[in-house]
Structure formats: structure tokens, C-alpha cells
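J.:
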Amino acid sequence: MVEFHRIHRHRFKDLMKTGLSLPIIISPGLVSLFHQTIPFAATRAFAQPLGRLIPARLATVKGFGLFFHYTATCVSVRIEPWLMIMNHTIKAAAIHGFISLIYRKLPMIDYHIHTPLCNHAQGSMKAYIHQAISLGFSEICFLDHLILDGPGKKNSMDIREVPLYMQAIACLKHEFHDRITLRAGLEVDFIPEKIPQIKDILEGFNFDVIGASVHFVMGYNVASRREAPPKDLFDKQEIALRYFEQLDRMLDYDFFDVICHPDIVKKCGIPIPENCGPVIDDILTRISKKNLTLEFNAGGWDHPVGDSYPSEELAIKCHQKNIAFTLGSDAHRPEHVGKNIDKSVALLKKIGYTHVNTFEGRLVRPVPLGMVKCPILS
Ligand SMILES: [Zn+2]
Ligand SMILES: [Zn+2]
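Here it is in C-alpha cells:
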């Protein structure tokens, strides 16, 4: 690694000019061969132009041996005669060509990113985008809160800010169009009395996707540890049951495309009790019939509950009912963009999923799931 940093940038640039040497450095396929679980960011770092290839993230890469090997290769390219250069280059190009035949990069998405407009997220929208780009994400979606009434209203953009939000995303889409695909969405709290107003807003703008959430049960925020229902005042089983009943009721409406973090009620320390089984089954059947998408929310892995929303057990049931997922980190800070998405991908693949849903203009666009794929073997 030390050696790697000692090589000056202009040396890399010189190497690039040889053309043939390029595959040594930039092949994501090579990285994939040695360690499929290498964070996507690392493969992306390799794919960057060499002038930008002094990667701060290399230390996090698990396939360290590979980097060391290519460090050695590059150093020798610098000090050995041309014959040696050709030898290394041809070998690497041959391996690269072979690996490229087998592996191809797949899209990485994060469909749940907040903005400071909701009053409890930090960092500029550009900071979220830059983080996504640096991690190698191909598509992200701003899905900021819209909570029109009740105690959650303070945790949401104001209804009058929706035009500003949409305009900001439109400008950013234009600015970043050649680097990342941006989508515009909302995470709308289900408040039955506000449905007509919600529909008016949704019709007035060109959203790519609308997520719907239940955060508040009996006036308490089950998605917040600070605002959660006091443990001594309420029966946990009742809160969980009420939460799922609300989700069930939400399915009477059709203003949304995605149901966010379906078992978020467990976040505030409420395990999903046995007696919720029938209502959950009913919800999943309805979601399947309505062809709605569920969000596989990776945020929970970093919460005390230490589990995704939904759990693996629930995700297996979803798979059995042919329910599609989209992926989200629920980032409220730029550094949380894409967090644990690789873990989500691995889990969904293990369950048997091959695709996840993305959206454009509220139309579903399934994309292959994963970081790398082997078309020959799959
Ligand atoms: Zn939030
Ligand atoms: Zn939420």
C-alpha cells in the first residue's frame, strides 16, 4: 500500500498513454474475481481515470492482496525494461479480457435519501449525491418526508416547500446527469384525513416514485427511539398490532408505489408478536395483488434492533408471494448514503431475488440485483 502511494500520479498518466496498460489498473472484473464481496466503492475507485486514483478508501478493501499484487506490477512497470512491461501488460490484459467476459457490473441503487428540508437530516443535497457517486452508485432517489398533520409535522418539509424541493432535484438532475441518475420522490406519512390533499400535491408535480409510511401509532413515533411510546404506559403487543392494522388500512388507498420499512415498529424495542401473523399475511397478500413494491430498508442494521426492515424472515414470505423490493439506506446524513446496501443485496440474493425495482415517472423499472453478475453461470 505504501508503495502504491509512492507512485506519482504522472506515472499513472504515462501508463495510461500506453493504452494496453490500462486494464491492469481499471478492471472491476479483476477485483471481482479475487473477492466478490469487495465493496462496490473499491471497484469503482479502480474504474476512475488514473489521475484520480489515489483512493482514500483502499484501506477498507478486503481483497488487499490484489492491490498489493498490482502495486508490485506497477512498480515493476516503472523500473523494468520494455520487455517486462509487455509481459505484465499482456498477461493482465488477457486476464482482464477473460474476466470481462464473465462478469459485468450491475446497477447499485439507493432509493431512500432525505434532505435537510425535513428538519432532522443534515448535509446538502449535493453532499448526498457526491457521496453516492464516490461509492459508485448508479442511481439514487431523494425520498424526503411529507407529513401533513399530527406530531410528525415538525419532522417534515412544509407543504409549501414541495415546489422548492422538486426544483432543486430538477437542477441537480441536470447538473449530475452524466455521473449519476437522480430520482425525485417523497416518503408520505399515511394520514387518512389528508389523502385528498396528498393526491393534489402528487398530481401537481413530476415525481418518479412515492413511498408511503406509517411512523405514528397512538400518537407516538414508533420509528424514533426518542419519541417512542413509553414502555410502562402501553402494551407492546397492542402497539405492534395497531401498527400493522394501519398498514393494512393504508392499502385501501393507491396514492403510493412503495411501502417503506414495513416492520419499522420493531425499531423502538417492540418485537413483532405472534398475534400479528394473520394481519401481516393479509397485508402481504394485498401488496402482491396490487403489485406494489416493498422497500428493503438497510437502516435498521445500524439501530439497536440490529436488523433490516423487513427482517429476513419477513422478506422470505415476501419472496413466496412474489413481492418485489426496492433498496434504501434511509440516509439522514451524507455519510449514510448506501450504507449496508451491499448487505441487503447479499440477503435478497440469498433469498432468491434476482431484480429490484427502480422508478421513473412513477413507472416501475426492474434492474438486476447485485454488484457483479456472471451471465455464463446465471
Ligand atoms: Zn426521517
Ligand atoms: Zn421512514
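Numbering follows the working numbering, in which position 74 of the sequence shown is assigned residue number 77; successive positions increment by one, without gaps.
Every residue, glycine too, gets a C-beta built ideally from N, C-alpha and C.
At which residues does the alpha helix (DSSP H) containing residue 165 begin and terminate?
T.: Looking at the DSSP string, the run of the alpha helix (DSSP H) that includes residue 165 is 165-178.
J.: On the DSSP letters alone, give me the boundaries of the alpha helix (DSSP H) that residue 288 sits inside.
T.: 280-293 is the extent of the alpha helix (DSSP H) around residue 288.
J.: If the criterion is Cβ atoms closer than 9 Å, does the pair residue 148 and residue 189 meet it?
T.: Yes, these two residues count as a Cβ contact at 9 Å.
J.: Between the Cα of residue 1 and those of 200, 264, 338, spot the shortest distance and give me the residue it belongs to.
T.: Residue 1 lies beyond the stretch modelled for the chain, which goes from 4 to 381, so this question has no answer here.
J.: Is residue 333 near ligand 1, going by C-beta to nearest heavy atom under 8 Å?
T.: Residue 333 Cβ: within cutoff of ligand 1.
J.: Compute the Euclidean distance between the alpha carbons of residue 299 and residue 113, then round it to the nearest angstrom.
T.: Looking at the two C-alpha atoms, the distance is approximately 10 Å.
J.: So is residue 97 buried or exposed if we call it buried at 16+ other beta carbons inside 10 Å?
T.: Burial call: exposed.
J.: Out of 348, 135, 124, which has the shortest C-alpha to C-alpha gap to residue 179?
T.: Per the Cα distances, 135.
J.: Let me check one thing: in DSSP terms, what residues is residue 329 bridge-paired to?
T.: BP columns for residue 329 point to 298.
J.: Just to confirm before moving on: does the CB-CB distance between residue 243 and residue 275 stay below 9 Å?
T.: Yes, these two residues count as a Cβ contact at 9 Å.
J.: What span of residues does the alpha helix (DSSP H) with residue 366 cover, start to end?
T.: No alpha helix (DSSP H) holds residue 366; the beta strand (DSSP E) holding it covers 366-371.
J.: Taking the alpha-carbon of residue 117 as reference, which of 109, 277, 111, 130 has the nearest alpha-carbon?
T.: Measuring from the Cα of residue 117, the nearest candidate turns out to be 130.
J.: Using 8 Å as the cut-off, classify the Cβ of residue 327 as near or not near the heavy atoms of ligand 3, replying yes or no.
T.: You won't find ligand 3 in this model; what it holds is ligand 1 and ligand 2.
J.: Could you give the residue range of the beta strand (DSSP E) that holds residue 206?
T.: First-last for residue 206: 198-207, but that is the alpha helix (DSSP H), not the beta strand (DSSP E).
J.: How long is the line joining the alpha carbons of residue 141 and residue 270, rounded to whole angstroms?
T.: Near 29 Å, if we compare the C-alpha coordinates of residue 270 and residue 141.
J.: According to DSSP, is residue 2 helix, strand or coil?
T.: For the chain, the structure presents residues 4 to 381; residue 2 sits outside this window and is missing.
J.: Between residue 159 and ligand 2, is the CB less than 8 Å from at least one heavy atom?
T.: No; taking the cut-off as 8 Å, the Cβ of residue 159 has no heavy atom of ligand 2 nearer than that.
J.: Whose C-alpha, out of 311, 237, 366, 228, is nearest the C-alpha of residue 265?
T.: Ranking 311, 237, 366, 228 by Cα distance to residue 265 puts 311 first.
J.: Could you check where the alpha helix (DSSP H) with residue 243 kicks off and where it finishes?
T.: Segment 239-253, the alpha helix (DSSP H) holding residue 243.
J.: With a threshold of 8 Å (Cβ to nearest heavy atom), would residue 117 be considered close to ligand 1?
T.: At least one heavy atom of ligand 1 is nearer than 8 Å to the Cβ of residue 117, so yes.
J.: So the beta strand (DSSP E) residue 192 belongs to, where does it begin and stop?
T.: It spans 184-192 - the beta strand (DSSP E) in which residue 192 sits, taken as one unbroken run.
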